[in-house]
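Residues in the sequence shown are numbered from 15 upward in steps of one, following the working numbering.
Positions of the beta carbon are idealized from the N, C-alpha and C atoms, including for glycine.
In this text the structure is predicted, and so the values were computed from the model without any measurement.
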Amino acid sequence: MPGWTHRSIETFEGSQGVIIQQWELGDIIVKIAVTEYSNEEQAVRAFKEFKSHLIIEEKATTKNRGKEFHLIKEDLSTLGDEGFVSDVRGSEAVAFRKGEFLVNVSVPSPQNNKDVFFSRKFAEHVAKALELQ
């Protein structure tokens with residue numbers, strides 16, 4: 015991506031099959047985490063668990079606040095086999111699964127970024143790269 019700089023982020027000790035990259039342009043930071051599972055079945059299970067945790071958090075927060083609260087903003091059928099847009103700490107993020115790969119793309123900076131443009135754009139690039147696998 016022209017103008018962007020990137021670096022690899024070291025994963026936690028013991029993490030296997032995880033690659034994390036950080037891309038920067040001015041004050042914009044995009045983080046991409048790709049996890050490869052041993053097979054598609056494990057990836058499907060992990061993706062469903064991740065999404066169900068967000069749904070549980072939505073329900074608990076809605077109950078505590080007494081008003082609707084949504085972390086999952088929309089389902090995405092255009093990336094990989096399944097995906098969705100979510101709100102992660104005030105920033106729109108994209109998560110999707112392609113085969114045995116889970117991908118999470120977030121924009122931690124600038125803070126409270128509600129524009130999903132960069133997370134979608136980078137997710138599209140990752141999806142294209144995974145199609146070549």
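Approximately 6 angstroms separates the beta-carbon atoms of Val140 and Ile46; this is inside 8 angstroms, confirming the contact. Taking each of Glu96, Glu114 and Val119 in turn and checking the Cα distance to Val102, the smallest one comes out for Val119. Listed as beta-bridge partners of Lys45 by DSSP are Gln36 and Ser120.
Within the same chain, Ala57 and Glu114 come within 6 angstroms of Tyr51 by CB-CB distance, once the 5 residues on both sides are set aside. Beta-bridge annotation (DSSP): Glu55 is not paired with any residue. For His67, no pairing in a beta bridge is given by DSSP. Within the same chain, and ignoring the five residues on either side of Leu93 in sequence, the residues whose Cβ sits closer than 6 angstroms to its Cβ are Phe110, Ala137 and Ala141. The C-alpha of Phe131 is placed about 12 angstroms away from the C-alpha of Ile42. Ile33 and Asn78 have their C-alpha atoms roughly 36 angstroms apart.
Sequence-distant partners of Thr76 (beyond 5 residues in either direction) whose C-beta falls short of 8 angstroms from its own C-beta, in its chain, are Glu82 and Phe83. For Ser22, the uninterrupted beta strand (DSSP E) segment begins and ends at Thr19 to Ile23. In the structure shown, Glu72 adopts helical secondary structure according to DSSP, grouped into three states. Distance from the CA of Ser123 to the CA of Trp18, rounded to the nearest whole angstrom, comes to 14 angstroms.
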